[in-house]
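Taken in order, these protein sequences are the chains called A and B. Reading the first sequence from the start, the letters are residues 1 to 192 in the numbering used here. Reading the second sequence from the start, the letters are residues 1001 to 1192 in the numbering used here. Every residue, glycine too, gets a C-beta built ideally from N, C-alpha and C.
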Amino acid sequence: MRNLGRQDGDESALIERARRGDTEAFATLVERYQRRVVGVALAVVHNQDDAVELAQEAFVRAFQNLKKFESRSSFSTWLYRIAANISIDFRRREGRHIVLRGEDAEAEISRVPSAEGDSYRAAARNELGQRIQSALQQLTPEHRAVILLREVEGLSYDEICGVLQVPRGTVMSRLHYARGRLRVILKDLAEG
Amino acid sequence: MAECSEISLVLGAFEDGELEPHEMQEVARHLAQCGGCEIELAGYATVGRELRALRIEPDLTGFSAAVISRIRASESPIRARVGRSLGRIREQLWSALPTAGLAAAVAILTAVILTPYAGRILDRVLPGSELAQLKSGAGVAAENLAAESGRIASAVHDSRTVISRLEARLPSVAVWSEPRTDTTVIWLAEQP
């Protein structure tokens, strides 16, 4: 099991200072966890530009709610859970459509992520990548989030349980299903 | 030996090292004798490898600075002002601490010198010259107090100076009243 949580004395001191409003101490924590928090958001929303934006929002909320954080639990898991919750809310909102006209529409179009901004899409340079990308899109957001958190971000099952707030059995069954689907696609590709 | 269908359900967790030790042993024993499950396991490993290859590291330059900037922007002006004021008060309290400590020490020393009990202790503890120095300050105040007491005492003893009016209607009772010092004396004659 890969342990990603790190709550040594140094981290506890940084958290305590950040609780008292020390933004420099919090910046150190941000730098320590930014890559993985972006990864958690990316696993849920599947778009890099959105993931970076949501990860920043997650850190802001974490700073504002540091008094609620219980030091005996893992700071990293608490952070990832905030990022996952914000990203899940964002994904739900994303389903709504807003009609914009004139300048508003142009401004909104300019904010649409480019193909280069989507890390998974941009990386699908060859057929194998395109097939995996396609397979990922066919998965439900829940299955996709679990397999990306595990395989790409390297979270343990317990961490995934904490982040997505689902039972361990659910994590295992979602992983089994998602892996099975992707394995079949890769097998077809290898045989074809 | 477990059936392939049972082993298949936990192959992913085996690959992740997330099974109990006895389950890990059981799967390993099965894999040593089952080529089909071994191929399936290899397929899971490939899925993970390909997913990780798809990931492009996002550029997080300036990420933490952006987070801190958003935190500062999210603080309401009133809250920020209150925070700054509290900070200034806290600083002033800290800087006033040595002065307050010195004042407390002087007050305690004065009380000790003026307390007779402490004086007796000092008689025993301190050499005569030092004690004389300590007492010299208190001696001046004591002399002033004694002079004032003497004036009051002489006025009380010399009743003729105090009593300005005699009021008595009954032969066995006499009442002296002295408005200047707000003193009234009631005299009752002894019964035969």
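Please report the straight-line C-alpha distance between residue i and residue j, rounded to a whole angstrom.
i	j	result
Ala62 of chain A	His143 of chain A	26 Å
Gly1035 of chain B	Leu1051 of chain B	25 Å
Tyr177 of chain A	Ala145 of chain A	12 Å
Arg35 of chain A	Glu127 of chain A	28 Å
Leu1011 of chain B	Arg174 of chain A	13 Å
Thr28 of chain A	Leu14 of chain A	8 Å
Leu1060 of chain B	Ala1066 of chain B	10 Å
Gly129 of chain A	Val45 of chain A	19 Å
Val37 of chain A	Gly9 of chain A	22 Å
Ser71 of chain A	Arg17 of chain A	13 Å
Leu42 of chain A	Ile1056 of chain B	11 Å
Asp50 of chain A	Arg1072 of chain B	22 Å
Phe59 of chain A	Ala1013 of chain B	31 Å
Ser194 of chain A	Gly1062 of chain B	Examination of residue 194 of chain A is not possible in this model, given that chain A is present from 1 through 192 alone.
Glu24 of chain A	Glu1075 of chain B	16 Å
Arg91 of chain A	Asp22 of chain A	32 Å
Pro1098 of chain B	Ala1111 of chain B	20 Å
Using 9 Å as the limit for Cβ to Cβ distance, is residue i near chain B?
i	result
His176 of chain A	yes
Gln56 of chain A	yes
Val40 of chain A	no
Gly162 of chain A	no
Tyr80 of chain A	no
Gln137 of chain A	no
Ile15 of chain A	no
Val45 of chain A	no
Thr170 of chain A	no
Ile147 of chain A	yes
Ile132 of chain A	yes
Ser114 of chain A	Confidence at Ser114 of chain A is low in this model, with a pLDDT of 45, below 50, so the placement of that residue is unreliable and no value is reported for it.
Arg150 of chain A	yes
Glu159 of chain A	no
Glu11 of chain A	no
Phe63 of chain A	yes
Ala84 of chain A	no
For residue i, which three-state DSSP category applies?
i	result
Val152 of chain A	coil
Ile1056 of chain B	coil
Thr140 of chain A	coil
Ala1066 of chain B	helix
Gln165 of chain A	coil
Asn85 of chain A	helix
Arg174 of chain A	helix
Thr1061 of chain B	coil
Gly1087 of chain B	helix
Cys1034 of chain B	coil
Phe69 of chain A	coil
Glu1075 of chain B	coil
Glu1006 of chain B	helix
His46 of chain A	coil
Val99 of chain A	With a pLDDT of only 40 at Val99 of chain A, under the threshold of 50, the placement of this residue in the model should not be trusted; the figure read from the coordinates follows. Val99 of chain A: coil per DSSP, three-state reduction.
Gly1043 of chain B	helix
Could you work out which residues of chain B lie near residue i, taking near to mean beta carbons separated by less than 8 Å?
i	result
Thr201 of chain A	Any question about residue 201 of chain A goes unanswered here, given that chain A covers just 1 to 192.
Gln48 of chain A	Ile1056 and Pro1058
Val166 of chain A	Neighbours of Val166 of chain A on chain B: none; closest Cβ ~15 Å, over 8 Å.
Val52 of chain A	Pro1058, Leu1060 and Phe1063
Thr23 of chain A	Ile1068, Ile1071 and Arg1072
Beta-carbon of residue i versus every beta-carbon of chain A: anything under 9 Å?
i	result
Tyr1088 of chain B	The sequence given here places Arg at residue 1088 of chain B; Tyr does not occur at that position. It does not: the Cβ of Arg1088 of chain B has no partner Cβ on chain A nearer than 9 Å.
Val1010 of chain B	yes
Ser1074 of chain B	yes
Glu1050 of chain B	yes
Ala1032 of chain B	no
Ile1071 of chain B	yes
Ala1053 of chain B	yes
Ala1013 of chain B	yes
Glu1018 of chain B	yes
Glu1026 of chain B	no
Glu1040 of chain B	yes
So residue i contacts chain B; which residues on that side make the cut at Cβ distance below 7 Å?
i	result
Phe59 of chain A	Val1067
Gln34 of chain A	Leu1060, Phe1063 and Ser1064
Phe90 of chain A	The premise fails here: Phe90 of chain A is roughly 16 Å from chain B at the closest Cβ pair, so nothing lies under 7 Å.
Arg179 of chain A	Gly1012, Tyr1044 and Val1047
Starting from residue i, find everything on chain A with Cβ-Cβ shorter than 7 Å and list it in chain order.
i	result
Thr1046 of chain B	Leu186
Gly1043 of chain B	Arg183, Leu186 and Lys187
What in chain A is Cβ-close to residue i, meaning under 9 Å?
i	result
Glu1091 of chain B	Chain A residues near Glu1091 of chain B: none, gap ~14 Å exceeds 9 Å.
For a contact meaning CB atoms closer than 9 Å, what does residue i contact in chain B?
i	result
Gly129 of chain A	Glu1050, Ala1053 and Leu1054
Closer than 8 Å: is that where the CB of residue i sits relative to any heavy atom of the ligand ADP?
i	result
Val146 of chain A	In the structure shown, the ligand ADP is absent, as is every other ligand, since no ligand is present at all.
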